[in-house]
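Per the UniProt record's numbering, the sequence shown runs over residues 1 to 514. Quick reminder that beta carbons are idealized off the backbone N, C-alpha and C, glycines included. These figures come from a predicted structure and were not determined experimentally.
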Amino acid sequence: MAFSSLSTSSSSSSAFTLPTKPSLSTGSVSFSRASCEWQGKQATGKSRMAVVRAEAVDTSISPRVSALRPSKTMAITDQASALRQAGVPVIGLAAGEPDFDTPAAISEAGMNAVKDGFTRYTPNAGTMELRKAICNKLQEDNGLSYSPDQVLVSNGAKQCITQAVLAVCSPGDEVLIPAPFWVSYPEMARLAGATPVILPTSISDNFLLKPESLASVVNENSRLLILCSPSNPTGSVYPRELLEEIADIVKKHPRLLVLSDEIYEHIIYHPAKHTSFAALPGMWERTLTVNGFSKAFAMTGWRLGYLAAPKHFVSACGKVQSQFTSGASNISQKAGLAALNLGYAGGEAVSTMVKAFQERRDYLVRSFRELPGVKISEPKGAFYLFIDFSSYYGSEVEGFGTIKDSETLCMFLLEKAQVALVPGDAFGDNKGVRISYAAALSTLQAAMEKIKEAMALLSPPLLVECHFHQKCHIRVHHPFFLFFLANLQRICFVSTFLTGIFEQQTSSMFSPAS
């Protein structure tokens, strides 16, 4: 407990010490004794202000919260903003936020809600009209049947996911998370006292989870599998056939639930198609589906998401929400209702955004493929590229130092190119860097020029082809090895030629006389 002021009519000494009292604890801060210093004008007849300073304060933070890692996405975004305010022309490609304005019909619905007095609390689970509209959307768009009491509206999809993890996970449980993953998934598991179990994927598999990888780690402690399709940060989209294979494994483990994060559902590029995990045979009963309005409708600041699941799961999540925030904004819910009225796939407003995102994706994929040693899996959805720059690790840059990993590479690009990206280690894959193309094409073109100029300062990986190997990228710095690798094909040829002569001579020396 801290006091900023204390009023009194006493004319006693200008300083005194409060008597010792039993310890008073408030949250994580406890006071055993406090001193009070009087300040103010003397003999004015007015109440004098006092500042109370605690002599002993326990400032410790709970171990569970201390174990949480701050979001690197937000940290990079904040750093870029600070540099801009300082006059540095930083191009920010870190935040996962569409650069489009909220469609006019949605904004008007929000403004009308204010004018019409919809500014009070709503039911904790959300307004009935919005939950009914969400049920209709899920039926028509995803083939999923829910009733309004099986839907919970929250302040963004992030709150939905956090509450779901808290509601179904206990200390000792495991949360299975394919990597690269959205930065918040492991921290949500830790907040619930559960253990995040990371399942690495490969760029050669388009960052999609292999069923055998899942089968190898599932055990009696496995409680929740988190799937995100389309994916943040890779843009990968799970085809139905692969989801069915994953579902076959899930069926074998009665305790294992699935959280399907479908927030990027409508930002998807032909011919890829979205499949809701709960729509697969036998998966409705064990799937918690999360979606929202932020990405598809450019409504990030409206903070509106929803969870659909069997009633007992939704009720449990609702309990958590009732003690955290209560219901979502009434105004935002009116806007969300208007968004669904545009059409379940978002109508023309969403299709216009998706067309622009695809044009930007195509430009960046072409541009980055021009850089030697860079590996790319072309995104099928969302608005992110997750690019493997690991062949550049080990490069020495004068005036900067060594590019050791994804974090130092992003620091280098921020310093030399003034482009803000997110290091892959934040997503569980240190080989890559996430680039958000939720920015105007002209902005991406300017960023690409700066990135290419900066990457030219690094020693590019050497492409080696020889008789014995396919193409491979090798990084060396010693001149002798550079010469050796540059002439490897010739060396291999000479070696093969000399070996042939040696074998021929040996054969003639030891062959029996005719």
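Review point. Is it true that the segment 148-168 meets the segment 111-128, where meeting means three or more beta-carbon pairs spaced less than 8 Å apart?
Key: yes
Point to revise | Sub-7 Å separation of Asn142 and Ser276 beta-carbons | key: yes
Point to revise | Lys375 - partner residues in DSSP beta bridges | key: Asp388
**Study point:** Near the ligand GDP: Ala104 beta-carbon under 6 Å from a heavy atom
**Key:** Ligands in the displayed structure: none, and consequently the ligand GDP is not present.
Exercise for review: Report the three-state DSSP secondary structure of Thr352 (helix, strand or coil).
Suggested key: helix
Review point. Would you report the Cα separation of Val175 and Ala113, rounded to the nearest angstrom?
Key: 40 Å
Exercise for review: Find the nearest neighbour of Leu208 within the set Leu191, Leu224 and Pro230, judged by alpha-carbon distance.
Suggested key: Pro230
Review point. What is the rounded straight-line gap between the Cα of Gly432 and the Cα of Glu129?
Key: 43 Å
Practice item. Identify whether Arg53 lies in helix, strand or coil by the three-state DSSP scheme. Key: strand
Practice item. May I have a chain-ordered list of the beta strand (DSSP E) segments no shorter than 3 residues that lie completely inside the segment 209-288? Key: 222-228 and 257-261
**Study point:** At least three beta-carbon pairs within less than 8 Å, the segment 369-387 to the segment 419-437
**Key:** yes
Check your understanding: In terms of residues, what are the limits of the alpha helix (DSSP H) holding Pro89?
Key -> Taken as a continuous stretch (DSSP letters only), Pro89 belongs to no alpha helix (DSSP H), as it is neither H nor E.
Check your understanding: Between Leu191 and Glu348, what straight-line distance do the alpha-carbon atoms span, to the nearest angstrom?
Key -> 40 Å
Review point. On the three-pair Cβ rule with 8 Å, is the segment 355-371 touching the segment 444-456?
Key: yes
Practice item. Decide if Pro233 is buried, meaning its Cβ has at least 16 other Cβ atoms within 10 Å, or exposed. Key: buried
Check your understanding: Is the Cβ-Cβ distance between Leu257 and Leu224 less than 7 Å?
Key -> yes
Check your understanding: How far does the beta strand (DSSP E) with Ala316 in it reach, from first residue to last?
Key -> Not the beta strand (DSSP E): Ala316 falls in the alpha helix (DSSP H), residues Lys311 to Phe324.
Point to revise | For Ser395 and Tyr238, the rounded distance between their alpha carbons | key: 35 Å
Practice item. Could you please give me the residues that DSSP links to Tyr306 through a beta bridge? Key: Val153 and Asn291
Check your understanding: Would you call the segment 398-408 and the segment 51-68 touching, i.e. three or more CB-CB distances under 8 Å?
Key -> no
Review point. Ordered along the chain, which non-local residues of its own chain (more than five positions away) have a Cβ less than 7 Å from that of Glu97?
Key: Thr300 and Ala438
Point to revise | For Ala179, three-class secondary structure by DSSP | key: strand
**Study point:** Cβ neighbours of Leu166 in the same chain (closer than 6 Å, five flanking residues each side left out)
**Key:** Ala192 and Val320
**Study point:** Coil, strand or helix - Leu458 by DSSP
**Key:** coil
Point to revise | Pair within 7 Å by beta-carbon distance, Ser154 and Ala328 | key: yes
Point to revise | Through-space distance from Asn206 to Lys137, alpha-carbon basis | key: 29 Å
**Study point:** Minimum C-alpha distance to Ala133 - residue among Ile403, Leu340, Ala417 and Pro423
**Key:** Leu340
Practice item. Return the CA-CA distance between Ser236 and Lys115, expressed in angstroms with no decimal places. Key: 42 Å
Review point. What are the start and end residues of the alpha helix (DSSP H) that includes Leu199?
Key: Run containing Leu199: none in the alpha helix (DSSP H); it sits in the beta strand (DSSP E), Thr195 to Pro200.
Exercise for review: Determine the extent of the beta strand (DSSP E) in which Arg434 is found, giving its start and end residues.
Suggested key: Gly432 to Ser436
Exercise for review: Express the C-alpha separation of Glu378 and Met268 in angstroms, rounding to a whole number.
Suggested key: According to the sequence shown, residue 268 is Ile rather than Met. Cα to Cα, Ile268 sits roughly 12 Å from Glu378.
Review point. DSSP on Pro423, reduced to helix/strand/coil?
Key: strand
**Study point:** Whole beta strand (DSSP E) elements within the segment 91-127, 3-residue minimum
**Key:** none
**Study point:** Contacts around Leu413, its chain only, beta-carbon distance under 7 Å, and the 5 residues preceding and following it disregarded
**Key:** Val419, Leu421, Ile451 and Ala454
Check your understanding: Quick one: what's got a C-beta closer than 8 Å to Arg255's C-beta in the same chain, skipping five residues either side?
Key -> Glu220, Ser222 and Arg223
Check your understanding: Taking the alpha carbon of Ser204 as the point to measure from, which residue in Arg84, Lys375, Phe383 and Met283 has its own alpha carbon closest?
Key -> Lys375
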